[in-house]
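Protein chains in written order, with my numbering: chain H, 12 to 230; chain V, 46 to 630. Think of the CB as a built atom: it goes at the ideal place given N, C-alpha and C, for glycine as much as any other residue. Here the structure is laid out as structure tokens; the discussion comes afterwards.
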Amino acid sequence: MRVGIADDVVLIREGVAQLLTNAGFDVTVKAADADELLRLVALRRPDAVIVDIKMPPTHTDEGLVAADAIRASHPEIGVLVLSQYLATDYALRLLERHPEGVGYLLKERVSDVAVLADALRRVAEGESVLDPTIVSRLMKRREHTPLAELTERELEVLALMAEGHSNQGICSNLFLSPKTVEAHVGHIFSKLGLRETPDHHRRVTAVLTYLRATHDDAR
Amino acid sequence: MAPIGGLAPVGRRYARLGLGVLALAAGVATLAIARHDAEESFGGRSVGDGILELAAGWSLVLAGLVWWARHPRRGFGPLLTAAGLAWFLPEWSSPAVGSSLVFTVGLVGIGLCAPLVASAALAYPRSGARSSLERAALAVAFGGAALLGPLSATVFDPVAQACFQCPANLVLLHGDGDMFDAAVRWGLRIELAAAVTLMALIAWRVASAAAPRVVTAPVLLPAAAYLALVALELHHSMPGNGLATNPFDVRMWRYEAVTLVTLAGGVAWGVYSSLRARASVARLVVELAQSYASGGARDVLARELGDPGLRLAFRRPASDNYVDSDGRVVDVAPGPGRAVTPLVQAGRPVAALVHDPARLRDADRVDEVVTGARLALENERFHAEIRAQLEELRAARVRIVAAGDLERRRLERDLHDGAQQRLVAVALALGMLRALSTDASPRLKRRLDRVDAELHATIAELRDVATGIFPAMLTDAGLAAAIEMLADGSAGTIDIRRMPRDRLDPALEAAAYFVVAETLRRTHATRAAIEVSRIDGDLVVDLDTDAGTDESLADLEDRVGALDGRLTVQRDADGLHLHAELPCG
């Protein structure tokens, strides 16, 4: 699988590239800023790219802008945005804009090659990925919302759904049978008043949108 | 010019009293003389003419004496009084007067009234600014009057001029008909030229608005009209070479009387309006003493002095600059379209009026009004000083808060871009090490796992610290996103009930954010409710927590105060209730 990485810090850029190469990835794009990334992506067409949110020149949200640009011009390329901030707002906005093939992870996840590899594969296949820390923060908002009616197990399942896992992934995460997971998912959707749709990413989007909407409605 | 300026004030008062009595007597005598020889007189022809005679002379004397009493050191009062007395004199050289003294005085003073009226007019309201041209014209006018009066009198022999009825001329030196004719001829010419020139100069004074027209016009315009009539009469007298009492002269004389009465009325109007101004200033002092309102003195001064754009600036002894009543610094350097009148007290400038140079030329009014308002000004100067100090304090508070925020932001950047990036790089290296150590002993692997977990906890903690110092979300995404992040990361349950979604001024966002964040941090609340809304141009922050704190919230008051906002904190058994109002302006 061909991947790219954009980070202005050489140490991290080269480190991640090395790590991914060791894990069997083919790192075809290494960029120090968003412009270079867009140029190389257009040239080499990797399957997925990792983008740091803060890059030159302003070090604010160049990564998000680059993610928008790549998703617009190359919908087949998955984008994994890395951020130093636990910013639910950024993450939700990103996933709302791009329901497919985009992920938002905390920067330090790069040290866990298994997490990184899994996330890259999922965005390359058009799934969504959301950092577990952010999902758990979102789940904290369940007070005053219909989320309060969910059981602990259902909340666990919902959190994994929000992170972008498929039913299969949830099964292996929670050591449950597919039948049980399907039942939980069904209960969750009926309690939240959502219609279940077959595609996986739409499901995630629905959950996220719901979380965000209930959060906004509460004020 | 200060004719009797050397006298003590009491002496001046007696002098004025004496002049008043003299004018009464002179008027009565003049009327008697005129009635005695009605054909040769101006005022003796009818009751109306008699009234005009007395009205013109007496009103000038009265106006002159009143003005003199109000402004003892100015020339206008004595000059106008003298002009009033001189008005009567032409009647006195009547052949049938019977008294040599009266006859002689009449001969000597015959041309004096017009130069005196002109002198008075050019000395109104103060004599300081007479130009050299004006002085020269006056000198010529008096020269003409001297030729017509005293000089021609010395060569006028009544008997030789076939006036057998005339009393003796007491100043006759040497009777010479030719010289008398020449003196009168040149006297008429010179006085005519001077009268025309002076009329033009006086009219120009009004037109050029060297002083406010509302003050000068009622006096100067009648004076100019009077001089024009005099000039016409002089011109008419030239063929006959002598002042006569034919119908044209009588008509001119009547008009002159009317203009002089009008002039006296103008002086009375000026006195009346300055009295009225004083009364209103007295009211102002009482008003301001009763209820102090900042800037009230400026408004009243602007109204009284007729300059709506007037600014009142108080000198600050410490810094030598000037501030208005709100404590803002005022530039008191004169510039185009702006004149500055200093207000001096005990030899030191205490305040300044910054005004339109076309207005406020009437320094009398400024003096009067400012003297009357001194107490109020003193009061307001005191408040201006306090406000200026408050303003400096407020500016310092704004600077301190802004500098603090800048420093917080810099620290946060340093932590995120420096320390945190390095730790991520270390975590990355550790990850690679772990990937390479698949063959290592389980004990080493466990140790590596523990180090990795510790490192991730450190990174998370560092992130919390950096965000606590200054949340990047606040700058990047605004107040709502930053407060949400705060609530998401809080150990307690934070209920965000209302939050404006639009971006606000950065200082405002920072103030609202830190009021909430710092209060939550200090109270360790397990439950809190936040409501931020925009009400009538204010950003209103309400925060209820279920726990209090012993820590001071003075730094939050500084933040809110720096933006001219108000912060109220209520502490009770339920916890802490905080209410902040921040102006969005």
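- Message: Please state whether the Cβ-Cβ distance between V:F359 and V:R453 is less than 9 Å.
- Response: The residue given as residue 359 of chain V occupies position 314 in the second sequence. The residue given as residue 453 of chain V occupies position 408 in the second sequence. No. Outside cutoff.
- Item | Contained beta strand (DSSP E) runs [length at least 3] in the region 521 to 575 of chain V, N- to C-terminal order | 538 to 543
- Look up V:R611 in the DSSP assignment and say whether it is helix, strand or coil. Looking up residue 611 of chain V in the second sequence gives position 566. Here V:R611 sits in strand by DSSP.
- Item | C-alpha gap between V:S336 and V:E423, whole angstroms | For the purposes of this step, residue 336 of chain V is taken as residue 291 along the second sequence, with counting starting at 1. For the purposes of this step, residue 423 of chain V is taken as residue 378 along the second sequence, with counting starting at 1. Low confidence applies here, because V:S336 scores a pLDDT of 44, under 50, leaving its location unreliable; read the following figure in that light. Their backbone Cα atoms lie some 15 Å apart in a straight line.
- Query: Taking H:G137 as the reference, which of H:V146, H:V218, H:M172 and H:G114 has the closest Cα?
  - Reply: Taking the first sequence and counting its residues from 1, one reaches residue 137 of chain H at position 126. Of H:V146, H:V218, H:M172 and H:G114, the residue nearest in Cα terms is H:G114.
- Task: Name the residue from V:V55, V:D617 and V:A342 whose alpha carbon lies nearest to the alpha carbon of V:P353.
- Result: For the purposes of this step, residue 353 of chain V is identified with residue 308 of the second sequence, where counting begins at 1. Looking at the Cα atoms, V:A342 is the closest of the given residues.
- Task: Count the other C-beta atoms from every protein chain shown that fall within 10 angstroms of the C-beta of V:G156, then say buried if there are 16 or more, exposed otherwise.
- Result: In the second sequence, the residue the question calls residue 156 of chain V occupies position 111. It is buried - the Cβ of V:G156 has at least 16 other Cβ atoms within 10 Å.
- Task: Check whether the region 136 to 149 of chain V touches the region 206 to 213 of chain V, taking contact to mean three or more Cβ pairs, one atom from each stretch, closer than 8 Å.
- Result: They touch, by the three-pair rule.
- Other residues of its chain near H:A28: CB distance less than 7 Å, five sequence neighbours each side excluded: Within the first sequence, residue 28 of chain H is the residue found at index 17, counting from 1. So the qualifying residues of the chain are I16, V38 and K41.
- Message: Taking 9 Å as the threshold (beta carbon to beta carbon), is H:V20 in contact with chain V?
- Response: As a position in the first sequence, residue 20 of chain H is number 9, starting the count at 1. Yes, H:V20 lies at the interface with chain V (some Cβ there is under 9 Å from its Cβ).
- Message: Per DSSP, what are the beta-bridge partners of V:S578 in this structure?
- Response: Locating residue 578 of chain V in the second sequence gives position 533, where the first residue counts as 1. Looking at the DSSP assignment, V:S578 forms a beta bridge with V:V585.
- Query: Got a sec, what are the start and stop residues for the beta strand (DSSP E) H:H198 sits in?
  - Reply: Start at 1 with the first residue of the first sequence, and residue 198 of chain H comes out as number 187. Careful: H:H198 lies outside any beta strand (DSSP E), inside the alpha helix (DSSP H) at P189 to L203.
- Message: When you compare the CB of V:H501 with every CB in chain H, is at least one pair closer than 9 Å?
- Response: Along the second sequence, read from residue 1 onward, the residue named residue 501 of chain V stands at position 456. So yes, V:H501 belongs to the interface.
- Message: By the 8 Å beta-carbon criterion, what residues does the region 91 to 115 of chain H contribute toward chain V?
- Response: For the region 91 to 115 of chain H, residues whose beta-carbon sits nearer than 8 Å to a beta-carbon of chain V comprise Q95, Y96, L97, A98, T99, D100 and Y101.
- Got a sec: is the Cβ-Cβ distance from V:L493 to anything in chain H below 9 Å? Against the second sequence, residue 493 of chain V aligns to sequence position 448. For V:L493, the closest Cβ of chain H is not nearer than 9 Å.
- When the cut-off is 9 Å and only beta carbons count, does H:D228 lie next to chain V? Here residue 228 of chain H refers to the residue found at position 217 when the first sequence is read from its first residue. Its pLDDT being 47, under 50, H:D228 is placed unreliably in this model, and the value from its coordinates should be taken loosely. Closer than 9 Å: no.
- Task: Please list the residues of the region 462 to 484 of chain V that have a C-beta atom closer than 9 Å to any C-beta atom in chain H, keeping them in chain order.
- Result: Within the region 462 to 484 of chain V, the residues whose Cβ lies closer than 9 Å to some Cβ of chain H are D462, Q465, Q466, R467, L468, V469, A470, V471, A472, L473, A474, L475, G476, M477, R479, A480 and L481, listed in chain order.
- Is V:V586 near V:L549, with beta carbons less than 9 Å apart? The residue given as residue 586 of chain V occupies position 541 in the second sequence. The residue given as residue 549 of chain V occupies position 504 in the second sequence. No.
- Item | Per-residue contacts from V:R508 into chain H (C-beta, under 8 Å) | Residue numbering aside, residue 508 of chain V sits at position 463 when the second sequence is read from its first letter. Q95, Y96 and L97, listed in chain order.
- Task: Could you check which residue in V:L99, V:D82 and V:R57 has the C-alpha nearest to that of V:A70?
- Result: Here residue 70 of chain V refers to the residue found at position 25 when the second sequence is read from its first residue. The candidate whose alpha carbon is nearest that of V:A70 is V:L99.
- Examine chain V for any beta-carbon lying closer than 9 Å to the beta-carbon of H:K41, and answer yes or no. On the first sequence, residue 41 of chain H is found 30 positions in, with the first residue counted as 1. Judged by the 9 Å Cβ criterion, H:K41 is not in contact with chain V.
- Task: Can you say whether V:M283 is buried or exposed, counting buried as having 16 or more other CB atoms within 10 angstroms of its CB?
- Result: The sequence position of residue 283 of chain V within the second sequence is 238, counting from 1. When all chains shown are included, V:M283 counts as exposed.
- Message: Between H:R50 and H:H85, how many whole angstroms is the CB-CB distance? I'm expecting something under 8 Å.
- Response: As a first step, residue 50 of chain H is located in the first sequence; it is residue number 39 there, counting from the start. As a first step, residue 85 of chain H is located in the first sequence; it is residue number 74 there, counting from the start. About 13 Å; that fails the 8 Å criterion.
- Task: Using the Cα positions of V:A378 and V:L357, report the straight-line distance between them to the nearest angstrom.
- Result: In the second sequence, counting from the first residue as 1, residue 378 of chain V sits at position 333. In the second sequence, counting from the first residue as 1, residue 357 of chain V sits at position 312. Approximately 13 Å between the Cα atoms of the pair.
- Item | Contact with chain V by H:E87, beta-carbon distance below 9 Å | The residue you call residue 87 of chain H lines up with position 76 of the first sequence. It does not; no Cβ of chain V falls within 9 Å.
- Beta-carbon of H:T162 versus every beta-carbon of chain V: anything under 9 Å? If you number the first sequence from 1, residue 162 of chain H lands on position 151. Under the Cβ criterion of 9 Å, H:T162 is not counted among the residues facing chain V.
- Query: What is the DSSP secondary structure of V:V142, counted as helix, strand or coil?
  - Reply: Within the second sequence, numbered from 1, the residue matching residue 142 of chain V stands at position 97. V:V142: helix per DSSP, three-state reduction.
- Query: Mapping DSSP to helix, strand and coil, what is V:Y337?
  - Reply: Residue mapping note: residue 337 of chain V aligns to position 292 of the second sequence, counting from 1. At V:Y337, the pLDDT of 49 sits below 50, so the modelled position is not reliable; the number obtained from the coordinates is stated separately. Under the three-state reduction of DSSP, V:Y337 is assigned to coil, being neither helix nor strand.
- Task: Report buried or exposed for V:A128, applying the criterion of at least 16 other Cβ atoms within 10 angstroms of its Cβ.
- Result: Taking the second sequence and counting its residues from 1, the one referred to as residue 128 of chain V is at position 83. Buried: at least 16 other Cβ atoms inside 10 Å.
- Message: Judging by CA-CA distance, which residue of V:R299, V:A429 and V:V443 is the nearest neighbour of V:A101?
- Response: On the second sequence, position 56 is the one that residue 101 of chain V refers to. Cα-wise, what sits closest to V:A101 is V:R299.
- In angstroms with no decimal places, state the Cα-to-Cα distance between V:M224 and V:S197. Along the second sequence, one-based indexing puts residue 224 of chain V at 179. Along the second sequence, one-based indexing puts residue 197 of chain V at 152. Their Cα atoms are separated by approximately 8 Å.
- Reduced DSSP secondary structure (H/G/I, E/B, other) of H:K65: Taking the first residue of the first sequence as 1, we reach residue 65 of chain H at position 54. H:K65 falls in the coil class under three-state DSSP.
- Message: For V:D587, would you say it is in contact with chain H, using Cβ-to-Cβ distances shorter than 9 Å as the test?
- Response: By one-based count along the second sequence, residue 587 of chain V stands at place 542. No, V:D587 does not count as interfacial toward chain H.
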